[in-house]
Amino acid sequence: MKIVTWNINGVRARIGNLTHWLTESAPDIVCLQEIKTVDEQFPRAEIEALGYNVETHGQKGFNGVAILSKLRFDEVNRGLPGDDADEQARFIEGVFSTDKGALRVASLYLPNGNPIDDEKKFAYKLSWMARLERWAEQRLLLEEALVLAGDYNVIPEPIDARFPENWLGDALFQPETRQAFRRLKNLGFTEAVRTVTDHADVYTFWDYQAGAWQKNNGIRIDHLLLSPEAANRFSSASIEKHVRAWEKPSDHVPVAIDLALQPA
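Residue numbers for the sequence shown, in full-length UniProt numbering: 1 to 264.
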């Protein structure tokens with residue numbers, strides 16, 4: 001079963017790229033971030049025509065997440081618990097039936113947190129990550145295959161940036177940010193991409209500015225974390241980098257994993 005995360009950076013602006021990629025890549029489950037649309041305006045018809053079920057948690061103009069799945073949804077939950085006042089659409093969870101039991105997949109769009117001298121923005125990032133850690137700790141008790149897929153806005157290690165020195169003042173690379181990511185992983189998650197490679201120059205995001213793509217000036221901020229039950233079924237991970245070279249691309253590219261699971 002192929003599960004992919006992709007920050008689409010505006011689904012209506014890139015629906016042509018998305019449908020082309022869905023046909024080419026043939027994922028079973030896709031976690032999208034930054035759909036930048038309300039639920040009612042999500043281009044579901046084009047996606048459903050390709051055989052996908054669609055669930056969204058949208059927001060006008062920015063944020064927004066979605067899950068596209070060839071499997072039928074057994075359950076859908078929207079919004080990260082822990083702060084009833086948080087109106088930002090950054091979290092959606094789907095549950096599916098497989099031959100090995102329940103598969104739980106979350107599409108996550110973590111706060112950017114910049115600028116770090118804006119205490120409200122950086123504090124929101126860290127508090128959101130703390131809420132995610134508490135939620136994940138409870139979900140792990142279910143002992144199900146669980147995949148946390150998304151744009152984490154976290155550069156985990158210096159190797160995950162072409163020029164780490166350029167990110168020292170950025171919320172994505174602050175010690176507190178990286179520590180929060182490590183705490184989440186240390187609950188018992190496996191980070192898929194670093195399971196298959198420890199190479200440098202493995203990136204998922206290239207800025208639109210200053211020829212970053214052409215110079216391979218990238219960072220790795222899109223991650224898939226696997227519960228022990230999902231990690232036991234893990235077979236491969238890959239970054240579909242070529243998509244960044246398409247016309248009107250997102251600044252992120254799809255990151256994929258394969259799990260040895262079949263629909264029930």
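Heads up, the beta-carbon is just placed ideally off N, CA and C, and yes, glycines get one too.
One alpha carbon belongs to H199, the other to I257, and they sit about 17 Å apart. The alpha-carbon separation between P175 and G113 amounts to approximately 13 Å. W206 is bridged by DSSP to G218. In this structure, the beta-carbon distance from L261 to L126 does not fall below 8 Å. Q138 carries a helical assignment under DSSP once its states are collapsed to helix, strand and coil. Q179: member of the alpha helix (DSSP H) spanning 175-185, first to last residue. Secondary structure note for T19: its alpha helix (DSSP H) is the uninterrupted segment 15-25.
Inter-segment contact for the stretch 208-215 and the stretch 179-198 is absent: fewer than three beta-carbon pairs are separated by less than 8 Å. Around G188, the same chain offers L140, S227, P228 as residues with beta carbons nearer than 8 Å, after the five sequence neighbours per side are excluded. Rounded to whole angstroms, the separation of the alpha carbons of Y124 and D251 is 24 Å. The closest CA to that of C31, considering only I239, L224, K241, S236, is found on L224.
Remark: C-beta atoms of L259 and I3 approach each other more closely than 8 Å. Listed in chain order, the alpha helix (DSSP H) elements of length 4 or more contained wholly in the stretch 16-100 are 44-48. Annotation: the continuous alpha helix (DSSP H) that includes T195 extends over 192-196.
Pairwise C-beta distances place the stretch 28-45 in contact with the stretch 66-79, as three or more of them are shorter than 8 Å.
For D160, the three-state secondary structure derived from DSSP is helix.
The alpha-carbon separation between G169 and I155 amounts to approximately 12 Å.
Rounded to whole angstroms, the separation of the alpha carbons of H242 and P254 is 9 Å.
With a cutoff of 8 Å on beta-carbon distance, R233 and A149 are scored as not near each other.
Judged by their CB atoms, G218 and R134 are not nearer to each other than the 8 Å cut-off.
In the three-state reduction of the DSSP assignment, S236 falls in the strand class. For A231, the enclosing alpha helix (DSSP H) begins and ends at 228-231. Between A230 and T98 the beta-carbon gap is near 11 Å, outside 8 Å, which marks them as no contact. Residue range 2-7 is occupied by the beta strand (DSSP E) that includes K2.
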